[in-house]
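Q: The structure that follows is given in the form of C-alpha cells.
Numbering (the UniProt record's numbering), first residue to last: 1 to 135.
Structure below.
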C-alpha cells in the first residue's frame, strides 16, 4: 500500500500515467498529475472523485513549470515521496531517419530526455534533504 505517500506523475492525464495515478490513489497515495492536457487532467481527478488527487498544467520542457509542479506537490501535501517521470512522445509519424526533421528530433529529445532530467533535478532538491524518496 501507498498510504501516506505523495506522488507526482508527469503525463498523468492519459495512458500509462493515468493508469498509474488511478492505481496509486486506490493504494492510498496522494497524487498530483502534471500534464499539458488540461481537460483530460481535470477529468481524471473528477473520475476518481477524491481529495487525494489534483492536477497542475506542466510542460515538462519548461523548467519553471516542472519546478512549480514539485513545489505545488510539497505545499499541497507536505512532501514528495515519488516522482514518476512518465511523460514522453515518439514524435510525428515519420519513423525513417532519412525523412525525420531535425525539429521533430529536438522536440522528442526535449520531452523524453530534458523532461526527465528536470523532473529528477527538482524532485531531488526535495528528496535529498528529506533523505527519502524515489525518482
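Just so it is clear, CB atoms sit at the ideal spot from N, CA and C, and this is done for glycine as well. Owing to the predicted nature of the structure, the values given are computational and were not obtained by experimental measurement.
By the 10 Å Cβ neighbour count, where 16 or more other Cβ atoms means buried, how is residue 61 classified, buried or exposed?
A: Answer is buried; the Cβ neighbour count reaches 16.
Q: From the DSSP output, read off the bridge partner residues of residue 7.
A: BP columns for residue 7 point to 31, 82.
Q: Touch check for the stretch 95-105 and the stretch 46-54: three-plus C-beta pairs under 8 Å?
A: Verdict: no, contact absent.
Q: Going by C-alpha to C-alpha distance, which of 25, 11, 131 sits closest to residue 40?
A: Residue 40 has its Cα closest to that of 11, out of 25, 11, 131.
Q: Just to confirm the assignment, what range does the beta strand (DSSP E) spanning residue 54 have?
A: Element bounds for residue 54: 53-57.
Q: In this structure, does DSSP put residue 62 in helix, strand or coil?
A: Coil at residue 62, not helix or strand.
Q: Note the first and the last residue of the continuous alpha helix (DSSP H) segment covering residue 43.
A: Residues 38-48.
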